[in-house]
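So in UniProt numbering, spot 217 of the sequence shown is number 217, and the numbers just go up one at a time. Idealized CB from N, CA, C, for every residue including glycine. Since the structure is predicted, the reported quantities are computational estimates derived from the model, not experimental observations. Working notes for the structure below.
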Amino acid sequence: ELSCPEGFQEAQDKALQESEQLVQKACSTPPGPEIVMIFDQLSDALCRVADLADFVKIAHPDFAFREAAEEACRNIGTMVEKLNTDVELCQSLRRLLADEVVMNSLDPETRRVAELFMFDFEISGIHLDEEKRKKAVNLNVRILDLCNEFLTGTHLPNKIDKRVLPEHIRSNFTTEGNYLEVAGLHADCPNDLVREAAYKIFLYPNAEQLSCLEELLASRNSLAQLVGYDTFAHRALQGTMAKNPGIRHVWGSKLRKRMSCVRCDVKSSGILFQKLMPWDHPYYSGVLRAERYNIDPGLYCPFFSLGACMEGLNSLFSQLLGISLYAEQTQRGEVWSEDVRKLAVVHENEGLLGYIYCDFFQRPDKPHQDCHFTVRGGRLKENGEYQLPVVVLMLSLPHSTRNAPTLLSPGMMENLFHEMGHAMHSMLGRTRYQHVTGTRCPTDFAEVPSILMEYFANDYRVVNQFARHYKTGQPLPKNMVSRLCESKKVCAAADMQLQVFYAALDQIYHGKHPLQKSTTEILKETQEKVYGLPHVPNTAWQLRFSHLVGYGAKYYSYLMSRAVASMVWKQCFAHNPFDRAMGERYRREMLAHGGGKEPILMVQGMLQKSPSVEDFVDALVSDLDQDFETFITDS
């Protein structure tokens with residue numbers, strides 16, 4: 001069906017036809033658990049196309065496929081918004097929720113899924129009159145278009161007349177006739193002037209992108225107020241661990257207060273931190289790590305071949321969860337690039353759990369972003385069989401050479417573990433309903449499994465199991481593993497302060513409207529207050545902030561998820577990263593539910609206590625060793 005781009009039209013038409021039949025069925029079915037099953041079938045019919053299209057529009061090497069997938073995404077998305085304001089469909093669910101006898105007979109997961117479907121109706125404006133419901137649909141569709149437009153703009157290069165730059169640094173950029181093309185920040189370049197030029201050119205304001213962002217923020221606010229929320233942040237945080245902007249603000253304020261106590265030791269390396277600029281942070285962080293701990297990626301890469309890292313993951317999952325990864329042959333036309341590999345995920349007792357497609361290697365036009373895509377969610381089908389989940393992990397690793405296999409830097413290895421954490425969540429979140437399968441859960445919980453895997457990737461007991469020199473088979477010396485792990489603490493507070501800044505900016509943008517200042521003025525004020533480094537005139541970093549699309553009003557999720565992962569690691573795995581009993585508890589309490597249980601209850605089940613706001617903050621700050629700090633983080 002998808003052997004050609006036109007297949008998306010066929011798949012889309014079939015999904016829309018099936019959804020119409022399911023809507024009719026739902027509206028004529030009396031209150032009972034079958035209603036929830038029908039709603040989930042409806043969700044599955046649309047998501048099977050939308051999820052696949054969402055991946056293909058980003059990753060497929062053929063532009064025609066990407067274009068067809070993007071059109072399918074838009075059409076399915078429009079259909080979803082219309083269904084979320086379908087009064088008759090909503091009434092069928094409302095009758096179920098109003099029937100106390102039937103509701104009390106439902107199991108907790110079915111009850112929660114029913115409530116989540118009703119929540120989708122409510123935040124879409126089902127309670128409004130017909131005219132306002134149509135306005136809500138139109139706003140949602142416009143927001144989808146603006147998100148796509150903004151996301152595309154975040155990656156576009158900027159061009160400048162090459163005569164503007166000194167001749168000796170021009171070779172660092174791509175030449176197009178009389179122009180130089182700047183497609184990134186060149187953050188790791190040792191030449192200060194190159195980093196400065198890249199920063200100022202790449203982040204130079206683009207009027208169209210600025211207009212797009214302003215309309216996106218205004219449209220989100222209009223939608224939120226139309227359906228009854230004070231701000232878009234209030235709407236977005238419903239159902240999350242944070243619950244509302246007030247709680248998130250308290251949490252963020254406590255964290256900023258604790259972070260302001262962290263000071264830096266500026267004496268090392270002779271670097272003039274008094275004059276530190278935004279383009280300096282990533283580079284000098286790396287310099288300090290390398291100088292203090294001799295962390296040269298070239299020394300580590302030979303020990304981190306892709307094959308060794310995959311064996312390490314396989315061994316870890318086997319010991320913790322009883323799971324093994326097996327390579328499978330793909331069929332003709334099954335994959336979009338010849339270097340994509342397919343893994344079967346198999347449990348020692350339960351058998352096949354699902355499939356992971358590994359799209360790991362660089363290729364032209366492939367985005368340089370590491371991410372996890374759900375292509376098909378798991379669910380219990382009507383015939384009693386389980387629909388196996390299918391996911392894609394996308395990385396940008398170098399290809400093997402004639403003399404060496406694919407070798408990963410320590411950062412690449414950590415990213416591989418991170419993304420595999422998402423994949424295991426998808427495989428083990430074996431819920432009855434597709435609507436809450438795997439990573440379909442609140443955003444501030446969804447990053448917990450992936451960030452937890454970073455702790456495993458930075459533990460010498462785990463690394464020692466697989467890190468072997470690709471030529472000699474020699475294990476990575478323990479002192480090198482220790483240096484690598486200790487080096488993570490260098491500038492860790494500065495890195496966290498940067499995340500706090502991003503989260504604060506995101507909350508202001510999605511807070512009370514109209515905004516009192518321009519998005520650039522807000523950026524300048526927030527950066528200098530929260531982050532401490534000066535804003536550079538004639539730059540607009542927010543126009544490259546792609547997370548405003550998928551994480552709008554939710555960027556804090558990275559910090560909250562890291563706090564949970566830190567607590568889970570220290571309490572459950574730090575003593576023994578291969579503890580099978582803890583691995584089983586982790587699966588049972590956190591992974592198995594997908595989004596079918598309130599996230600805070602899953603955290604409580606794993607930690608066997610109810611964490612306070614202070615516990616979340618303490619977990620983040622305790623990861624920082626102030627003796628190793630080398631960066632000014634005065635807020």
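- Message: Give the list of continuous beta strand (DSSP E) stretches no shorter than 3 residues that lie fully inside the stretch 485-544.
- Response: none
- Candidates Asn294, Asn158 and Ile76: which alpha carbon is nearest Ala207's? Asn158
- Item | CB of Leu408 within 8 Å of CB of Cys301, strictly | yes
- Message: Only counting the same chain, and skipping five residues up and downstream in sequence, which positions put a Cβ closer than 6 Å to that of Asp627?
- Response: Residue confidence is low: Asp627 scores 39 on pLDDT, short of 50, so the model does not pin down where it sits. Its coordinate-derived value is still stated next. Excluding sequence neighbours, Asp627 sits near nothing in its chain.
- What did DSSP end up calling Leu106 once you bin it into helix, strand or coil? coil
- Query: For Gln9 versus Ile76, is the C-beta distance shorter than 8 Å?
  - Reply: no
- Is Pro5 buried or exposed, if buried means 16 or more other CB atoms sit within 10 Å of its CB? buried
- Query: Considering only residues of the same chain and omitting the five flanking positions on each side of Pro278, which have a CB-CB separation below 7 Å?
  - Reply: Tyr199, Leu533 and Val536
- Task: Scan the stretch 356-419 and note each continuous beta strand (DSSP E) run of 3 residues or more that stays entirely inside, going in chain order.
- Result: 371-376 and 390-397
- Task: Please name the residue, chosen from Asp99, Leu144 and Ile38, that lies closest to residue 636 on a Cα-to-Cα basis.
- Result: Nothing about residue 636 can be read from this structure; the chain reaches only from 1 to 635.
- Task: Take Leu299 as the anchor and find which of Leu484, Asp579 and Thr152 has the nearest alpha-carbon.
- Result: Leu484
- Please name the residue in Gln527, Tyr355 and Thr431 whose C-alpha comes closest to that of Ala344. Tyr355
- Message: Once DSSP output is grouped into helix, strand and coil, what is the label at Asp44?
- Response: helix
- Query: Between which two residues does the beta strand (DSSP E) harbouring Ser561 extend?
  - Reply: Where Ser561 is concerned, there is no enclosing beta strand (DSSP E), although the alpha helix (DSSP H) it sits in stretches over Ser557 to Val568.
- Can you name, in chain order, every residue of its own chain whose Cβ lies under 7 Å from the Cβ of Tyr460, other than the five neighbours on each side? Lys478, Val481, Ser482 and Cys485
- Determine the direct distance from the alpha carbon of His469 to that of Leu476, and round the result to whole angstroms. 7 Å
- What are the residues that DSSP puts in a beta bridge with Ala68? None, per the DSSP bridge assignment.
- Would you identify the three-state DSSP class for Ser610, choosing helix, strand or coil? coil
- Close Cβ partners of Leu523 (< 8 Å) along its chain, the five nearest in sequence each way excluded: Leu505, His535, Ala540, Trp541 and Gln542
- Determine the extent of the alpha helix (DSSP H) in which Tyr293 is found, giving its start and end residues. His281 to Tyr293
- Message: Per the DSSP calculation, Arg341 is bridged to which residue(s)?
- Response: Cys358
- Task: Can you say whether Gly252 is buried or exposed, counting buried as having 16 or more other CB atoms within 10 angstroms of its CB?
- Result: buried
- So, helix, strand or coil for Lys471, using DSSP? coil
- Message: Going by C-alpha to C-alpha distance, which of Ala59, Gln497, Asp339 and Ile169 sits closest to Pro398?
- Response: Asp339
- Query: From Thr78 to Asn140, what does the alpha carbon distance come to, in whole angstroms?
  - Reply: 8 Å
- Query: Since Leu352 sits in a beta bridge, which residues does DSSP pair it with?
  - Reply: Val346
- Bridge partners of Ser324, per DSSP? Val346
- Rounded to whole angstroms, what's the CA-CA distance from Asn178 to Ile160? Just pull it up for me. 9 Å
- Message: Within 8 Å, do at least three Cβ pairs link the stretch 94-114 to the stretch 177-196?
- Response: no
- Message: Taking the straight line between their C-alpha atoms, what separation do you get for Phe320 and Asn415?
- Response: The amino acid at residue 320 is misidentified as Phe; the sequence shows Leu. Rounded to the nearest angstrom, the two C-alpha atoms are 20 Å apart.
- What residue range is occupied by the uninterrupted alpha helix (DSSP H) comprising Thr152? Glu130 to His155
- Item | Bounding residues of the alpha helix (DSSP H) (the contiguous stretch that carries Lys25) | Gly7 to Cys27
- Task: Below 8 Å CB to CB, which residues in the same chain sit around Gly153 once its five sequence neighbours on both sides are set aside?
- Result: Asn206, Glu208, Gln209, Cys212 and Leu543
- Quick one, are the C-beta atoms of Val87 and Pro31 less than 8 Å apart? no
- Task: Counting only the same chain and skipping the five closest in sequence on each side, list residues whose C-beta sits under 6 Å from that of Arg248.
- Result: Ala242 and Tyr556
- Same chain, Cβ closer than 8 Å to Met413, five either side skipped, listed in chain order: Phe304, Cys309 and Ala457
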